[in-house]
Amino acid sequence: MNEEQINQDEEYDFPYHYIPSFRADFIHSLSWGWSKNYTSAIEFVLKEVEKELENTSTLFDIGCGDGRLTRELNIEFSELKIMGVDYSSKAIALAKAMNPNMQFLNADITTKEFDLKCDALTLIEVFEHIPLDFCNDFVEALSQMLNRNGVIFLTVPSTNMEVSYKHSQHFTLALLEEYFGKYFHVEDMKYIQRGSFFLKLIYKFTHNSFYILNHKGLNNFLYNLYKKRYFDANENNAERIYVKLRKKEK
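When you line the sequence shown up against the UniProt record's numbering, it's residues 1 to 250, in that order.
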């Protein structure tokens, strides 16, 4: 390729041609209201994984979807062997397209054909999507996947949140212990992402039918305010539960 072609090729890291829309109404930008929740959770998970680095050489991101968390894990921990895994071929195709130099696998981890092993795995906003009658088999598969003394970094929605149309259930700590207790013990847990009327006001201030806030200084201020004042929560107001699970010795 010549220099101009190389410059164009380098812009294909993100499919920017898909941002504008004209079929119903003209839209020239995209915005995701859950962004603060999502990125703050990623930052939190990265810090938790860092604490386990001495015992970890391989990590699987289970239910990786489009691969965003897998990407951040690879950037943060380049010394680890990291792979994103998802049963959805569509999700894996997108993850590979967005991250061509990273490892992704389209697989059902509950089948006998899946025999890969790792030291740690992330299960971030995934377990709530598992059908109720399949949860026990799924947890057993996670246990078989992990090496001795392996860990799971898990987040799920709490029962303080109404169950989404995409979810099978939401959780309490007791319910998580019921599902995972046969194979794992809870090594650490934290209630995270406190719900608040003030946060709804912030959302309306930053995302509404008139504008989307793009001021860098204000966005950074509101994001840091959210992390400082509203990320930590308690049992009664948490939107999510974080649990670190350690595989039991046989």
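All residues carry an ideal CB built from backbone N, CA and C; glycine is no exception.
So is Arg240 buried or exposed if we call it buried at 16+ other beta carbons inside 10 Å?
By the 10 Å Cβ count, Arg240 comes out buried.
What residue range does the beta strand (DSSP E) around Phe184 cover?
Taken as a continuous stretch (DSSP letters only), the beta strand (DSSP E) holding Phe184 covers Phe184 to Arg194.
Could you compute how far the alpha carbon of Phe231 sits from the alpha carbon of Gln193?
Rounded to the nearest angstrom, the two C-alpha atoms are 4 Å apart.
Would Arg229 be called buried (16 or more neighbouring beta carbons within 10 Å of its own) or exposed?
Exposed: under 16 other Cβ atoms inside 10 Å.
Within 10 Å of its beta-carbon, does Phe138 have 16 or more other beta-carbons around it, so buried, or fewer, so exposed?
Phe138 comes out buried.
Using alpha carbons as the reference points, say which of Met83, Val186 and Glu43 lies closest to Leu59.
Here the closest residue by C-alpha is Met83.
Kindly indicate which residue of Ser31, Lys247 and Met98 has the alpha-carbon position closest to the one of Asn219.
Residue Ser31 is the option with its Cα nearest to Asn219.
Could you spell out the range, first to last residue, of the beta strand (DSSP E) harbouring Gln103?
Here the beta strand (DSSP E) through Gln103 covers Gln103 to Asn106.
Taking the straight line between their C-alpha atoms, what separation do you get for Asn136 and Ile42?
Cα to Cα, Asn136 sits roughly 26 Å from Ile42.
Whose C-alpha, out of Lys96, Leu69, Asn99 and Leu105, is nearest the C-alpha of residue 264?
An answer regarding residue 264 cannot be provided, because it is not within the stretch 1 to 250 covered by the chain.
Are the region 73 to 80 and the region 49 to 56 touching, with three or more C-beta to C-beta distances below 8 Å?
Touching, yes, given that three or more Cβ pairs across the two stretches are closer than 8 Å.
For His185, tell me which candidate among Arg71, Phe134 and Val151 has the shortest Cα-Cα distance.
The option with the nearest alpha carbon to His185 is Val151.
Kindly list the residues whose CB is nearer than 6 Å to the CB of Asn147, restricted to its own chain and excluding five residues on each side of it in sequence; keep chain order.
Here the set comprises Lys117 and Asp119.
Can you tell me whether Leu154 is helix, strand or coil according to DSSP?
Leu154: strand per DSSP, three-state reduction.
Please state whether the Cβ-Cβ distance between Met189 and Val126 is less than 8 Å.
Contact flag unset, no.
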